[in-house]
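Residue numbers for the sequence shown follow numbering that gives the first Met the number 0, beginning at 0 and rising by one.
Heads up, the thing below is written out as structure tokens.
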Amino acid sequence: MNRKTVLFLMNGFGIERKESYSIYDSSLMPTFDEITKKYLFSTIESNVNNYYDGYRNMSLDINELYNYSILDEQIEDKKLQTNPTLLKVKQDIETKKGNLHIFALADTSFKLIDHLKETLKILDPNSSKKIYLHFIISSNNISDYKKLAEVFSKLNIEFSNIAPIGFILGLSSVDNEAKQVDMNFFFKMFITKVGEKWQSFTQKFDVLYGTKVLPRDCKPFIVNSNFELTQNDTFFIYNYDNINLTNFFNTLSAIKFGDTNNNFTYYSLFNVTSNLNIPYMYQAGTANNYLVKNLEKINSTGLIICKKEQVNIINYFCNGLRNEASNLLTYLDIQEIIANPSILGNIIINAKQDLIILNFDIEDAKNTLELKNKLKEIDSYLKIVYDNMSGSKYSIIVSSLYGISKVMMNEKNNICQVIFSGKVPFAFVDDFITKKRYLITNGNINGILKTAYKNINKDIKCESLVERQNGLYRLFFNK
């Protein structure tokens with residue numbers, strides 16, 4: 000018989016870093032505090048900073064952006080050099096008079112360097128053709144600046160002679176949520192090359208860190224102004240995600256040279272959302288391992304209670320990178336519970352599903368007072384679950400997929416940085432799984448669902464974060 004398991008997610012809540020403004024207090028979350036003392040509790044790693052990447056990692060069991068592995072495999076199998084879209088880019092820069100601008104989404108991974116190196120080796124432009132690199136930073140963690148400085152320093156050393164860096168900017172300046180005035184400002188800088196200039200990545204990032212600007216909110220700055228925009232240029236969007244660049248391309252395609260329209264051409268590594276039909280090299284393939292497939296393996300079903308607007312993204316990853324409906328997975332709008340918290344207990348008790356995921360988050364808190372109130376509110380929902388589903392009835396996993404790193408106003412109206420990133424809590428509530436006999440192993444958010452699968456059905460072959468202690472461990476560590 001399957002054991003019903005409730006996964007209670009407090010997304011955005013993580014272990015406070017020492018440089019963070021102090022938020023957590025046990026009086027804010029008395030139920031959570033009680034659980035951490037009474038039951039198995041530890042911290043696990045999380046290298047993501049939003050529910051989008053959190054569900055991708057947890058459901059698909061991956062520790063890096065999914066598209067990295069596609070390029071790694073293509074390079075290893077020597078298939079990159081035969082990709083028809085990349086060869087078309089090569090043909091364009093050989094036959095057209097213009098330059099090539101590569102816009103690459105960048106994070107703290109050094110893999111981008113190897114991928115660009117292999118790509119430029121294939122393009123192999125002659126000396127009369129010019130290639131420029133422009134980098135869009137996607138990171139949402141202020142503590143990433145040190146690693147970003149290392150990545151960009153290596154990029155600069157590696158490509159300065161063949162593809163100098165033109166711009167560096169945050170994703171917020173160009174994605175579809177960007178204000179049009181910011182988009183226009185960026186392209187004005189692109190055309191005139193007049194704007195903030197920094198040749199030292201370390202100094203610039205030190206300033207951004209000191210002023211508490213998130214990397215993705217970094218305003219455009221010029222690293223090397225020795226680039227130019229001409230009428231026949233080619234743009235290659237070297238992105239690692241399905242980002243929406245509709246406004247970006249609309250603004251870019253409207254650029255004129257005097258009274259003459261531009262003759263730009265566009266390509267992308269992966270599919271981007273836009274009004275243009277942009278050729279791309281790779282379609283992100285479906286995953287081999289994902290929540291719905293594993294529910295089928297353990298002969299079980301799941302209920303996910305989340306915000307209505309989150310359903311499509313969560314469903315996409317839970318179905319292995321497919322936007323399909325599955326009869327193994329049901330969704331419920333969490334707003335029904337927020338409007339009437341008393342129904343939460345009955346929903347879980349009466350649910351026919353073995354896995355129930357409650358997806359709360361603190362993302363929209365605008366200041367520290369709101370944040371504390373949100374944590375207090377989430378703890379009140381946890382109390383309802385805990386009181387109705389004691390450890391002898393069901394198992395409860397209390398965790399978070401990511402911790403926020405956010406600049407906000409504190410109670411004294413001063414700017415502060417709240418940093419919950421890096422590690423998140425993991426508590427396992429079950430009266431049969433005691434501290435004397437079990438422990439939580441080192442792990443990350445990829446192990447959360449594995450633990451739930453193993454708890455629902457003991458016969459599934461997967462590694463759980465909860466393990467039975469061996470005799471030697473108890474001899475040395477138990478009193």
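Just so it is clear, CB atoms sit at the ideal spot from N, CA and C, and this is done for glycine as well.
Just so you know, these numbers come straight off a predicted model, no measurement behind them.
For the stretch 166-186 against the stretch 129-139, do three or more pairs of beta-carbon atoms, one drawn from each stretch, fall closer than 8 angstroms, so that the two count as touching? yes
On the CB-based measure, 16 or more other CB atoms within 10 Å of its CB, does Arg-215 come out buried or exposed? Locating residue 215 in the sequence shown gives position 216, where the first residue counts as 1. Counting Cβ neighbours within 10 Å, Arg-215 comes out buried, since at least 16 surround it.
If you drop the 5 nearest sequence neighbours on each side, which residues of the same chain put their C-beta closer than 7 angstroms to that of Asp-181? Counting from one through the sequence shown, the residue named residue 181 turns up at place 182. Hits under 7 angstroms: Ser-172.
Can you find a heavy atom of the ligand NAD that lies under 7 angstroms from the Cβ of Asn-223? Of the ligands one can find in the structure shown there are none, so the ligand NAD has no counterpart to examine.
Expressed to the nearest angstrom, what Euclidean distance is found between the alpha-carbon atoms of Phe-158 and Tyr-380? In the sequence shown, counting from the first residue as 1, residue 158 sits at position 159. In the sequence shown, counting from the first residue as 1, residue 380 sits at position 381. For Phe-158 and Tyr-380, the distance between alpha carbons rounds to 53 angstroms.
Under DSSP, the alpha helix (DSSP H) around Cys-305 begins and ends at which residues? Taking the sequence shown and counting its residues from 1, one reaches residue 305 at position 306. Looking at the DSSP string, Cys-305 is not in any alpha helix (DSSP H); the run it does join, the beta strand (DSSP E), is 301-305.
With which residues is Leu-464 paired in a DSSP beta bridge? The count along the sequence shown starts at 1 and reaches residue 464 at position 465. Answer is none; Leu-464 lacks a bridge partner.
Distance check for Phe-248 and Leu-368, CA to CA, integer angstroms please. The count along the sequence shown starts at 1 and reaches residue 368 at position 369. The count along the sequence shown starts at 1 and reaches residue 248 at position 249. For Leu-368 and Phe-248, the distance between alpha carbons rounds to 39 angstroms.
What's the call for Ser-299, buried or exposed, on a 16-neighbour Cβ count within 10 Å? If you number the sequence shown from 1, residue 299 lands on position 300. With 16 or more Cβ atoms within 10 Å of its Cβ, Ser-299 is classed as buried.
Under the three-state DSSP convention, the category Glu-44 falls into: For this step, residue 44 is matched to residue 45 along the sequence shown. Of the three classes helix, strand and coil, the one that applies to Glu-44 here is strand, per DSSP.
Between the alpha carbons of Ile-333 and Leu-251, how many angstroms are there, rounded? Stepping through the sequence shown from its first residue, residue 333 is reached at position 334. Stepping through the sequence shown from its first residue, residue 251 is reached at position 252. Using only the alpha carbons, I get a separation of about 40 angstroms.
Exposed or buried, Ile-337, counting other C-beta atoms within 10 Å across all chains shown (16 or more means buried)? Taking the first residue of the sequence shown as 1, we reach residue 337 at position 338. That one is exposed.
Close Cβ partners of Asn-243 (< 7 angstroms) along its chain, the five nearest in sequence each way excluded: Along the sequence shown, read from residue 1 onward, the residue named residue 243 stands at position 244. Hits under 7 angstroms: Asp-174, Asn-175 and Thr-272.
Should Ser-224 and Lys-192 be called a contact, given that it needs their Cβ atoms to be closer than 8 angstroms? Position 225 of the sequence shown holds residue 224. Position 193 of the sequence shown holds residue 192. Going by C-beta atoms, Ser-224 is nearer than 8 angstroms to Lys-192.
Less than 7 angstroms between C-beta atoms, sequence neighbours within five positions excluded: which residues of the same chain meet that for Ile-414? Taking the sequence shown and counting its residues from 1, one reaches residue 414 at position 415. Closer than 7 angstroms at Cβ, skipping near neighbours: Lys-211, Val-406 and Met-408.
Please return the same chain residues whose Cβ sits closer than 7 angstroms to the Cβ of Tyr-208, not counting the five positions on each side in sequence. As a working mapping, residue 208 is identified with position 209 in the sequence shown. Result list for Tyr-208: Ile-141 and Tyr-144, in chain order.
Measuring alpha carbon to alpha carbon, tell me which residue in Tyr-393, Leu-122, Phe-184 and Tyr-38 is nearest Thr-233. Residue numbering aside, residue 233 sits at position 234 when the sequence shown is read from its first letter. When only C-alpha atoms are compared, the closest one is Leu-122.
First and last residue of the alpha helix (DSSP H) that includes Gly-169? Here the question's residue 169 lines up with position 170 in the sequence shown. Where Gly-169 is concerned, there is no enclosing alpha helix (DSSP H), although the beta strand (DSSP E) it sits in stretches over 164-169.
Could you tell me the alpha carbon to alpha carbon distance between Lys-78 and Asp-71, rounded to whole angstroms? Start at 1 with the first residue of the sequence shown, and residue 78 comes out as number 79. Start at 1 with the first residue of the sequence shown, and residue 71 comes out as number 72. For Lys-78 and Asp-71, the distance between alpha carbons rounds to 10 angstroms.
Pairwise C-alpha distance: Asp-429 and Ile-346: Against the sequence shown, residue 346 aligns to sequence position 347. Against the sequence shown, residue 429 aligns to sequence position 430. Their backbone Cα atoms lie some 20 angstroms apart in a straight line.
Just how far apart, CA to CA, sit Val-465 and Lys-434? Sequence index remark: in the sequence shown, residue 465 carries index 466 (1-based). Sequence index remark: in the sequence shown, residue 434 carries index 435 (1-based). The alpha-carbon atoms of Val-465 and Lys-434 are separated by roughly 11 angstroms.
Grab me the residues of Glu-335's own chain with a C-beta within less than 8 angstroms of its C-beta, minus the 5 sequence neighbours each way, in chain order. Looking up residue 335 in the sequence shown gives position 336. So the qualifying residues of the chain are Ile-342.
From the DSSP output, read off the bridge partner residues of Tyr-281. Taking the first residue of the sequence shown as 1, we reach residue 281 at position 282. Beta-bridge pairing links Tyr-281 to Phe-269.
Same chain, Cβ closer than 8 angstroms to Ile-361, neighbours up to 5 away in sequence not counted: In the sequence shown, the residue the question calls residue 361 occupies position 362. So the list reads Met-9, Asn-10, Gly-11, Phe-12, Leu-370, Lys-373, Leu-374, Ile-377 and Ile-403, once near-sequence residues are dropped.
Cβ-Cβ separation, Val-150 to Thr-107 (assumed contact under 8 angstroms), whole Å: Reading the sequence shown from its first residue, position 108 is the one you call residue 107. Reading the sequence shown from its first residue, position 151 is the one you call residue 150. Separation of the CB atoms of Thr-107 and Val-150 is rounded to 6 angstroms, and the pair is thereby assigned contact status at 8 angstroms.
So, do the stretch 101-116 and the stretch 309-316 have three or more beta carbon pairs nearer to each other than 8 angstroms? no
Does the contact criterion of 3 or more C-beta pairs under 8 angstroms hold for the stretch 1-8 versus the stretch 454-464? yes
Counting only the same chain and skipping the five closest in sequence on each side, list residues whose C-beta sits under 7 angstroms from that of Ile-297. Taking the sequence shown and counting its residues from 1, one reaches residue 297 at position 298. Hits under 7 angstroms: Tyr-452, Ile-455, Asn-456 and Ile-459.
Between the CA atoms of Leu-448 and Asp-32 - distance to the nearest angstrom: Residue 32 sits at position 33 when you count from the first residue of the sequence shown. Residue 448 sits at position 449 when you count from the first residue of the sequence shown. Their Cα atoms are separated by approximately 23 angstroms.
Under 8 angstroms between C-beta atoms of Lys-153 and Ile-112: Taking the sequence shown and counting its residues from 1, the one referred to as residue 153 is at position 154. Taking the sequence shown and counting its residues from 1, the one referred to as residue 112 is at position 113. Contact: yes.
Delimiting residues of the alpha helix (DSSP H) encompassing Ser-26: On the sequence shown, position 27 is the one that residue 26 refers to. Counting along the chain, Ser-26 falls outside any alpha helix (DSSP H), and DSSP gives it neither H nor E.
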